[in-house]
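S.K.: Here the numbering used here is used: the first residue of the sequence shown is 6, the next is one more, and so on. Quick one: the structure is below, questions incoming.
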Amino acid sequence: MHGSLPSKVPAGKQKTWKKIQTMVRRTLFIVALKKSYPWIQLSGHSENFAPGEQGVVLKRLCESEQCCLQSLMADVLRPFVPAYLGVLERDGERYVQMEDLLTNFRSPSIMDCKMGLRTYLEEEEKPVLRADLFNKMIAVEPNAPTPQECARGAITKPRYMQWREATSSSASLGFRIEGIKKSDGTLLQDFKKTKTCKQILKIFKDFTEEKRCILEQYRQRLIELRSTLEVSPFFISHEVIGSSLLFLHDHKGQAKVWMIDFGKTLPLPPGQILNHRLPWHEGNREDGYLWGLDNLIDIMTEAATQTTLEENVNSTQAPSSRR
Ligand SMILES: Nc1ncnc2c1ncn2[C@@H]1O[C@H](COP(=O)(O)OP(=O)(O)OP(=O)(O)O)[C@@H](O)[C@H]1O
Ligand SMILES: O=P(O)(O)O[C@@H]1[C@H](O)[C@H](O)[C@@H](OP(=O)(O)O)[C@H](OP(=O)(O)O)[C@H]1O
């Protein structure tokens with residue numbers, strides 16, 4: 006057999022060699038398994054990412070995101086963000102290297118929720134007319150553009166972003182679902198008109214297959230995140246726009262949530278702080294992040310409660326149905 010020892014080797018040594026062979030085989034098997042998981046991107050710009058080493062995500066370098074990740078490594082929020090692993094230059098392009106959050110999950114179910122009631126920066130308010138955004142708007146809501154916008158066949162980015170916020174749950178609940186990938190491979194990205202608590206509740210229950218332990222872990226993790234955000238020096242001194250919460254669970258029963266995407270997270274001028282729950286008006290830089298998280302926790306709690314009640318009803322009904 007390939008790799009077996011010559012018969013002249015004494016029996017004791019053969020035993021040790023066999024142990025080593027088994028260990029090497031097991032290690033290779035684990036490495037092979039770990040390498041076999043695919044890169045899954047639920048939202049955002051595909052050109053922003055490049056294949057990285059095992060366990061590492063390469064995202065095109067954006068200085069504000071790099072600064073945030075660096076600062077977050079020294080903040081109380083560190084357990085809630087991917088580890089920052091430095092900068093890599095490849096083929097003339099610079100990338101931020103960060104921990105791949107999928108690494109320790111097997112065939113995970115994934116959900117991306119974009120946080121905040123405002124998803125664009127005030128300084129993005131440039132009067133540039135864009136036909137691509139007009140076309141994306143009419144694909145979802147043909148009657149959304151005004152007659153003037155229809156005549157131009159173009160709209161500005163703030164107009165598009167505000168329409169996106171109002172059409173989805175960003176403006177009314179302070180967060181929106183961007184995408185879901187279920188463990189069976191189903192990819193769901195059609196959430197642009199998902200707006201009400203009732204719709205979101207149903208999606209959360211479907212995403213978790215109404216597993217109480219998964220819903221409960223998500224709820225606990227979100228509550229921990231909220232208490233950490235409330236005392237974080239980083240969070241109080243930054244405007245957090247367009248950042249997402251990435252939800253991951255698998256059949257082993259593990260479920261976790263992380264903060265990702267800090268491309269539009271900016272430090273405030275020295276001495277200025279944000280409340281993160283106040284409404285936004287021009288110039289106050291409020292993002293509604295914590296307000297959105299409060300609403301998200303309420304809906305997750307409702308999903309966990311409903312699932313618990315349904316389980317209780319089913320368990321009390323079971324004996325009579327057997328009769
Ligand atoms: N550290 C990570 N580990 C695993 N998956 C990740 C990680 N970072 C990002 N992703 C995946 O990539 C997707 C897009 O990430 P991200 O929001 O950072 O991209 P983006 O191009 O900046 O998005 P946007 O255009 O909304 O600003 C996420 O929804 C997630 O599926
Ligand atoms: O979700 P949609 O409807 O596809 O809309 C996009 C989404 O809001 C992205 O967050 C935004 O990129 P940024 O977060 O980087 O601003 C992008 O702007 P863009 O077209 O200027 O890239 C929008 O087109």
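Note that CB positions come from ideal geometry on N, CA and C, so glycine has one too.
Whole angstroms are fine: how far does the CA of residue 265 sit from the CA of residue 133?
M.R.: Roughly 28 Å separates the two Cα atoms.
S.K.: Is it buried or exposed for residue 295, if we count other Cβ within 10 angstroms and need 16 for buried?
M.R.: Buried: at least 16 other Cβ atoms inside 10 Å.
S.K.: According to the Cβ coordinates, are residue 252 and residue 116 closer than 8 Å?
M.R.: Yes, the Cβ-Cβ distance between residue 252 and residue 116 is below 8 Å.
S.K.: Report whether the distance from the Cβ of residue 172 to the nearest heavy atom of ligand 2 is below 7 Å.
M.R.: No, ligand 2 has no heavy atom inside 7 Å of this Cβ.
S.K.: Name the DSSP beta bridge partners of residue 118, please?
M.R.: Per DSSP, 182, 250.
S.K.: Should residue 124 be listed as close to ligand 2, given that the test is whether its C-beta is under 7 Å from any heavy atom?
M.R.: Yes - ligand 2 has a heavy atom lying nearer than 7 Å to the Cβ of residue 124.
S.K.: If the criterion is Cβ atoms closer than 8 Å, does the pair residue 256 and residue 111 meet it?
M.R.: Yes. Within cutoff.
S.K.: Is the closest heavy atom of ligand 2 to the C-beta of residue 116 under 7 Å?
M.R.: No, the Cβ of residue 116 stays beyond 7 Å of every heavy atom of ligand 2.
S.K.: Straight-line CA distance for residue 39 to residue 108?
M.R.: Summary for residue 39: the model assigns pLDDT 45, below 50, so the residue's position carries little reliability; its value from the coordinates is reported in the next sentence. Cα-Cα distance, rounded: 7 Å.
S.K.: Going straight from the alpha carbon of residue 260 to that of residue 277, what length do you get?
M.R.: Approximately 35 Å between the Cα atoms of the pair.
S.K.: Throw me the rounded Cβ distance for the residue 120 and residue 297 pair, which I believe falls under 8 Å.
M.R.: About 5 Å; that satisfies the 8 Å criterion.
S.K.: Can you name, in chain order, every residue of its own chain whose Cβ lies under 8 Å from the Cβ of residue 315, other than the five neighbours on each side?
M.R.: These residues qualify, in order along the chain: 215.
S.K.: Just grab the DSSP bridge partners of residue 272 for me.
M.R.: Beta-bridge pairing links residue 272 to 243.
S.K.: What do you reckon, are the CB atoms on residue 218 and residue 180 nearer than 8 Å?
M.R.: Contact: no.
S.K.: So is the beta-carbon of residue 169 under 7 Å away from any non-hydrogen atom of ligand 2?
M.R.: Because some heavy atom of ligand 2 lies under 7 Å away, the Cβ of residue 169 counts as near it: yes.
S.K.: Looking only at its own chain, which residues have a Cβ that is under 7 Å from the Cβ of residue 129, when we skip the five neighbours before and after it?
M.R.: Once the five neighbours on either side are set aside, the close Cβ partners of residue 129 are 162, 163.
S.K.: Decide if residue 281 is buried, meaning its Cβ has at least 16 other Cβ atoms within 10 Å, or exposed.
M.R.: With 16 or more other Cβ atoms within 10 Å, it is buried.
S.K.: Kindly indicate which three-state DSSP category residue 123 falls into: helix, strand or coil?
M.R.: Residue state, collapsed to three classes: coil.
S.K.: Residues in its own chain within less than 6 Å of residue 36 by CB, not counting five upstream and five downstream?
M.R.: Model confidence at residue 36 stands at a pLDDT of 40, short of 50, so the residue's coordinates are unreliable; what they give is reported in the following sentence. Cβ neighbours of residue 36 beyond the five flanking positions: none.
S.K.: Which of the three DSSP states is assigned to residue 139 in this structure?
M.R.: Three-state DSSP puts residue 139 in a helix.
S.K.: Heavy atom of ligand 4 less than 7 Å from the Cβ of residue 208, yes or no?
M.R.: Inclusion of ligand 4 in the displayed structure is not the case, the ligand content consisting of ligand 1 and ligand 2 alone.
S.K.: List the DSSP bridge partners of residue 102.
M.R.: Paired residue(s): 63.
S.K.: Would you decide whether residue 91 is buried or exposed? Buried here means 16 or more other CB atoms lie within 10 Å of its CB.
M.R.: When all chains shown are included, residue 91 counts as exposed.
S.K.: Kindly indicate which residue of 184, 200, 291, 236 has the alpha-carbon position closest to the one of residue 83.
M.R.: Minimum Cα distance to residue 83 is reached at 236.
S.K.: Quick one: is the Cβ of residue 166 within less than 7 Å of any heavy atom of ligand 2?
M.R.: Correct: residue 166 has its Cβ closer than 7 Å to ligand 2.
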